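Novice:
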Amino acid sequence: MMDYSRSGNMSDMERGEGIQVVKLGERSGAPRYELDEGALRRVLLREDVRGLPVVVVSVAGAYRGGKSFILDFFLRYLNASRESQVNGDWIGSEDEPLRGFHWRGGDDRDTTGINLWSKPFISTLSTGERVAVLLMDTQGTFDSETTIGQNSTIFALSTLISSVQIYNLSSNIKEDDLQHLQLFTEYGRLACDTDSKAFQTLLFLVRDWPNAFEHSYGFQGGSTLLNKRLQ
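Residue numbers for the sequence shown follow full-length UniProt numbering, beginning at 1 and rising by one.
#1: For I148, which of helix, strand or coil comes out of DSSP?
#2: Which residues mark the beginning and the end of the alpha helix (DSSP H) in which S118 is found?
#3: Within 10 Å of its beta-carbon, does L71 have 16 or more other beta-carbons around it, so buried, or fewer, so exposed?
#4: Using CA atoms only, rank isn't needed, just tell me which of N87, A80 and R15 is closest to V43.
#5: Let me check one thing: in DSSP terms, what residues is Q165 bridge-paired to?
#6: Quick check on DSSP: helix, strand or coil for T112?
#7: If contact is defined by three or more beta carbon pairs under 8 Å, each pair taking one atom from either stretch, is the region 136–156 in contact with the region 75–85?
#8: Assign Q165 to one of two classes, buried (16 or more other C-beta atoms within 10 Å of its C-beta) or exposed (fewer than that).
#9: Measuring CA to CA, which of G38, V56, R50 and D48 is closest to T138?
#10: So, with DSSP's three-state summary, where would you put Y33?
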């Protein structure tokens, strides 16, 4: 994994790297996802995280859709100074390399399983509560090597454990996108206790939206589009 830092003097864990915490293994000849408890401990048992509530921000959606790419912009924002975050300088120049979770061009899948960024970001909410923010990258759905059951497992698992799940879509919100979302989330509900809250916050991210003359870019325009699709 590529790491995100402007300094070459810090260790990988200090500057951050993508760590695979859920991977596809095999038992009795059948594929199954496995939790890497050691990798998870490396992230959650850090001294600066112990005792803090955790806010997990996840991006899920079709493979080769740019999930890792957008997460690297999240990393750039979180690593920036407060002043840069406010005035917009955090986004950097067009020729500045985008580093963080591994991503590349092409048609073959890149991310497999579930990856966490090893460096949590300590933040203070508007309520005054201090939390540890974790970024989570997930295996894309509907590649040629993955079954519908495996797709459902990854999407449902990431939705269950995330505080904010971002559903990454290309160009539009289509009916089959909503049907897939329903399938994956129902799969997740079956894994939950009936008395527990299965999901927290779900956001739709429509990339490369071509019809800004109908619905403007940003949260308000996106909300109008989503409400129209859900009618």
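Where is the CB? At the ideal position from N, CA and C, for every residue including glycine.
The model shown is predicted, which means the values in this text are computed figures rather than measured ones.
Specialist: In short, the structure shows the following:
#1: By one-based count along the sequence shown, residue 148 stands at place 148. Reduced to three states, the DSSP call for I148 is helix.
#2: Position 118 of the sequence shown, counted from the first residue, corresponds to residue 118. S118 -> no alpha helix (DSSP H), and no H or E assigned at all.
#3: Against the sequence shown, residue 71 aligns to sequence position 71. So L71 ends up on the buried side.
#4: Mapped onto the sequence shown, residue 43 falls at position 43. Of the listed residues, the one whose Cα sits closest to V43 is R15.
#5: For the purposes of this step, residue 165 is taken as residue 165 along the sequence shown, with counting starting at 1. Note: Q165 sits in a beta bridge opposite S58 and L202.
#6: If you number the sequence shown from 1, residue 112 lands on position 112. Of the three classes helix, strand and coil, the one that applies to T112 here is coil, per DSSP.
#7: Taking a cut-off of 8 Å on C-beta distances, the region 75–85 does not touch the region 136–156, as fewer than three cross pairs fall below it.
#8: In the sequence shown, residue 165 corresponds to position 165, counting from 1. Looking at its Cβ environment, which holds 16 or more other Cβ atoms inside 10 Å, Q165 is buried.
#9: One-based indexing of the sequence shown puts residue 138 at position 138. The shortest C-alpha to C-alpha distance from T138 to any of G38, V56, R50 and D48 is the one to V56.
#10: If you number the sequence shown from 1, residue 33 lands on position 33. Judged by DSSP in its simplified three-state form, Y33 adopts strand.
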